[in-house]
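Number of protein chains: 2
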Amino acid sequence: MDDRLGQAYDEFLHLTREIYYLAATGGILEWDQQVMMPAKAAPLRAAQTATLTGIIHDRMTSPRLKELLDRLEASRDALAADAQVNSREMRRVTDRARKIPRQLAQEIAHTQALAQACWVEARQKSDFPLFAPWLEKMLALRRQEADAIGYQESRYDALLDEYEPHATAREIEAVFTRLCPPIVELVREIAESGIQPKCTLLTRSFPVEHQREFGLWAIRRLGFDLGAGRVDVSAHPMTTGNLTDVRLTTRYNENYFAGAFFGLIHEAGHGMYEQGFDERHQGTPRATAASLGIHESQSRMWENLVGRSLAFWKYAFPYLQAFFPESTQDIALEDWYAAVNDVRPSPIRVEADEVTYNLHIVLRFEIEKDLVEERLKVADLPALWNTKMKEYLGAVPANDAQGVLQDIHWSLGLVGYFPTYTLGNLYAAQLFHTVEREFPDLQQRFEGGDFLTLKRWLNGKIHSPGQTHRAAELVRQVTGEAPDARFLVEHLRAKFRPLYGVSS
Amino acid sequence: MDDRLGQAYDEFLHLTREIYYLAATGGILEWDQQVMMPAKAAPLRAAQTATLTGIIHDRMTSPRLKELLDRLEASRDALAADAQVNSREMRRVTDRARKIPRQLAQEIAHTQALAQACWVEARQKSDFPLFAPWLEKMLALRRQEADAIGYQESRYDALLDEYEPHATAREIEAVFTRLCPPIVELVREIAESGIQPKCTLLTRSFPVEHQREFGLWAIRRLGFDLGAGRVDVSAHPMTTGNLTDVRLTTRYNENYFAGAFFGLIHEAGHGMYEQGFDERHQGTPRATAASLGIHESQSRMWENLVGRSLAFWKYAFPYLQAFFPESTQDIALEDWYAAVNDVRPSPIRVEADEVTYNLHIVLRFEIEKDLVEERLKVADLPALWNTKMKEYLGAVPANDAQGVLQDIHWSLGLVGYFPTYTLGNLYAAQLFHTVEREFPDLQQRFEGGDFLTLKRWLNGKIHSPGQTHRAAELVRQVTGEAPDARFLVEHLRAKFRPLYGVSS
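Just so you know, the sequences run in chain order G and E. Read in order, the letters of the first sequence are residues 1 to 504 in the working numbering. Read in order, the letters of the second sequence are residues 1001 to 1504 in the working numbering.
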């Protein structure tokens, strides 16, 4: 780079990092709202968030930043590789921001804070009508946003693009078309096997304080750095923050081991991605997630491909018994392993097994697409939810808290977010297939408590590149193939057919 | 107000409230840093805080805000009383902000975050040299700030003014001149009395979890609203936030009851002030503290004039015994009351008794004044600290953690803050004298568990006016007299001479 170009890039970096510091401040406000904030502070928090959002919007759309981006792009070939990534990605997000009116951005932020507070209450009371007006409002605002951004085929695409850049509803539909039939078939095979794991093992008494300690022990062993993060409780499990400050949440139920434990490992998978970026690039796109699909590939991999593996439990089971002697001393490892892999259609997504999980996603994807495209009214939502639950999973929730109110996403206007979970499952299986090819003894390493091999591999291949490649390209570069659903299908068959005595 | 003036005032309010929302966000960041933040996040937090400070500075010094203030002041007599308060106080703080260069404001914020993190570590290790370079830097920055602001007599005045508007070092010296001799005399009388309360009662085993519960019970009874606040643990007790979100911290020691308990009541006193402003004015000076002296009058009143009173313990003692049966069942109320009022020179300010407390303040005031006026070097600070401790209190700290490193204030550059504690003690005694005149049965009410009478009186007289009056004027209006040290002296004599069998 010549000096003047270097100066332009430095100024660009300064502006980019200031936006990051402000966004990270917004992240703390959001975390605080869900974990710490006193109830009466909701209106104040909404005003704080809206003010901050307005400032971030001003910065994202500032003429000076655009000028600098134009300047950098005009000399693109003279830029270092990292600088090319940063200018490309800041162009993408600032182009998006410029299409959204400031007032709309602020109103969305303001409504998120209040709608979320209402969702918490509605969920506690299982009172959908209480939440409905806020959902209406959130959806109307997000439709406005989608229309302001523009789209080719579906209004949904404009929202999906925020979470999974360049993906489309059509592609997501194609994924589900390939994925659902073999999954439905596998669910049928399992049901017909007549084998039922002893899942009451998981509903014995697991004192919350010991669950907390065991969870911390486990995520530390897997590689989450608690010196640069923390674990708390919130109504909906989540991960916020980046590199030196990554916060996970979970929620405990004394009489259900799997909810908090696998939830926490899931969040720790997100957390290790966030901790794994290249610190030299902190505050720039080069040190942020390639997409939410890639993000979910990390959480789902640690949760399922590690946390629900036999190898993991061969290592962890004696520790489990030490933490919960009264409830686990009489359990055989094989029964425990079968119990944590119980395949059973159930109403709660975050507690779903690996096999039925994607059916929860297709349901949400279809519904939210219809909501955004105004083919479905909010008032008709709970009924449709329950009908589809019956159809796809054969499990009707006992009430709306266990049904349509279970997820926080829509209260935050996160429409287009759910499909990234299924993309994550796809990517996870494909990446894991690759790492197992590179380390044929990976499962034995897990048995011996070595999870660092996997973590280091992910650090190098997936985490540290940040946004250097787009999601699909990253998967192709690392695995040698374009993303393909067959890896997930093969993994599910290979794992669950033997567990349920189904011949392949 | 005519329509155009009304519009100007509305715009002024909008800008003022946005500054408040940003400052409140800064408050959450600071609270989070002291209570929640992972250690490795300190540099990121420093950058976040500096960015936010820069934005707040831009807003405080914006030409539009100044224009609106000019417009409002030109029509001052046409403004409603509240609008007069808001424009007067925004003029004061924006005038101050305009004198401080943006970069200096940012550097102070950035340094605060890092210096504070270093102070936490230095205090843990009792390592003053580790902290010394940060203190040097903080002091240099604050000196720059004082010089930018300007002053008549002492550079110290420019800093003091931020916490106690319009007060001067000369006035503070006059207060100490009136206050110290009778206090030193009272300390001597008490020492010569030969009476020593059984203060080992306080160092029995008080399990932390029960201390936490008893503390929450107590502050709820006194009137702190936990629906609009919370209580956590931090290295240094503090209160942050306002109206709907007021956060207190304390710190527990299983073998010392008085530290956490009276510390928490102290913070709850601050908290009730913050919760007691007029909510309609949230986000404006009309709903913020008149001064830190008034703030401390609230915390010190609840801590000492209520929490260390015989009447309070007549009510609370059975509850204490219920929460800590093993450690308190054999204690007589009179012995407990004497123990929590043990007058004994000791090295820690926040654990000092009511009588010696102000000697801790005069020591800090003299030292920080010398530091700011460059008559004292940072390297000589620990030695001077210990010399003065010996001279004023006859108690030399065992190490620097118990000595010069005990308080967080200087790590945050809070120079000029300490004297507000003594002003608070003065104001508290004078205000309490007035409320006891209005409610001659106030002590009996405390005995019956009625603390609402006092809280309501404070809500009406002190809290809800916010910054309507300046501190000294507020005290004069409420008590009928200018602030006077004699009320504090009289209170201390009236309470402690009988306790120690000293004839008056």
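Heads up, the beta-carbon is just placed ideally off N, CA and C, and yes, glycines get one too.
- Counting only Cβ-Cβ distances below 9 Å, residue 1230 of chain E has contacts in chain G at 36, 37, 38, in chain order.
- Separation of the CB atoms of residue 1031 of chain E and residue 1240 of chain E is rounded to 5 Å, and the pair is thereby assigned contact status at 8 Å.
- Not a single CB atom of chain E sits nearer than 8 Å to the CB of residue 107 of chain G.
- Note that the region 1327–1334 of chain E does not touch the region 1138–1158 of chain E; fewer than 3 beta-carbon pairs, one per stretch, sit closer than 8 Å.
- Residue environment: residue 455 of chain G is assigned as buried (16 or more neighbouring CB atoms within 10 Å of its CB, all protein chains considered).
- Using a Cβ-Cβ distance cut-off of 8 Å, the region 1135–1146 of chain E and the region 1067–1075 of chain E are not in contact, since fewer than three pairs of beta carbons, one from each stretch, lie closer than that value.
- Straight-line spacing of the CA atoms in residue 220 of chain G and residue 108 of chain G works out to 37 Å.
- In the structure shown, the three-state DSSP call for residue 248 of chain G is strand.
- Taking a 10 Å sphere around the C-beta of residue 1198 of chain E, we find fewer than 16 other C-beta atoms and assign the residue as exposed.
- For residue 227 of chain G, a Cβ of chain E is located within less than 8 Å of the residue's own Cβ.
- Burial state of residue 1010 of chain E is exposed, judged by a 10 Å Cβ sphere holding fewer than 16 other Cβ atoms.
- Residues of the region 1006–1024 of chain E with a Cβ closer than 8 Å to any Cβ of chain G, in chain order: 1017, 1018, 1021, 1022, 1024.
- Three or more beta-carbon pairs separated by less than 8 Å are not found between the region 407–414 of chain G and the region 450–470 of chain G, which leaves the two stretches without contact.
- What residue 124 of chain G touches in chain E, judged by beta-carbon distance under 9 Å, is nothing: the nearest beta carbon there is about 15 Å away.
- Only 1041, 1042, 1043, 1044, 1045, 1047, 1048, 1049, 1050, 1051, 1052 from the region 1041–1052 of chain E bring a Cβ to less than 9 Å from some Cβ of chain G.
- Of the other Cβ atoms in all chains shown, 16 or more fall within 10 Å of the Cβ of residue 1164 of chain E; this residue is therefore buried.
- With distances taken between CA atoms, residue 300 of chain G lies nearest to G:488 out of G:288, G:437, G:484, G:488.
- Interface residue (Cβ-Cβ distance to chain E less than 8 Å): residue 492 of chain G is not classified as such.
- At a cut-off of 8 Å between beta-carbon atoms, residue 32 of chain G makes contact with chain E.
- Of all C-beta pairs linking the region 1309–1326 of chain E to the region 1362–1373 of chain E, fewer than three are shorter than 8 Å, placing the two stretches out of contact.
- The beta carbon of residue 245 of chain G sits closer than 8 Å to some beta carbon of chain E.
- A Cβ-Cβ distance of about 25 Å is found for the pair residue 1228 of chain E and residue 1208 of chain E, leaving them out of contact under the 8 Å criterion.
- C-alpha of residue 264 of chain G to C-alpha of residue 1345 of chain E: approximately 50 Å in a straight line.
- When Cβ-Cβ separations below 8 Å define contact, residue 28 of chain G makes contact with chain E.
- Along the region 1054–1070 of chain E, the positions whose C-beta sits under 7 Å from a C-beta of chain G are 1055, read in chain order.
- Put simply, the backbone Cα of residue 47 of chain G is about 37 Å away from that of residue 462 of chain G.
- Under the criterion of beta carbons closer than 8 Å, residue 190 of chain G and residue 496 of chain G qualify as touching, at roughly 6 Å.
- Beta-bridge pairing by DSSP links residue 1230 of chain E to E:1247.
- Under the Cβ criterion (8 Å, minimum of three pairs), the region 99–118 of chain G counts as touching the region 45–64 of chain G.
- In this structure residue 1022 of chain E is buried. Its beta-carbon is surrounded by 16 or more other beta-carbon atoms within 10 angstroms.
- The way I'd put it, the region 383–390 of chain G does touch the region 399–409 of chain G; three or more beta-carbon pairs between them come closer than 8 Å.
- Boundaries around residue 240 of chain G are those of the beta strand (DSSP E), 239–242, since no alpha helix (DSSP H) includes it.
- C-alpha of residue 1321 of chain E to C-alpha of residue 1371 of chain E: approximately 47 Å in a straight line.
- Note that the region 1250–1263 of chain E does not touch the region 1435–1449 of chain E; fewer than 3 beta-carbon pairs, one per stretch, sit closer than 8 Å.
- The DSSP-derived three-state label of residue 488 of chain G is helix.
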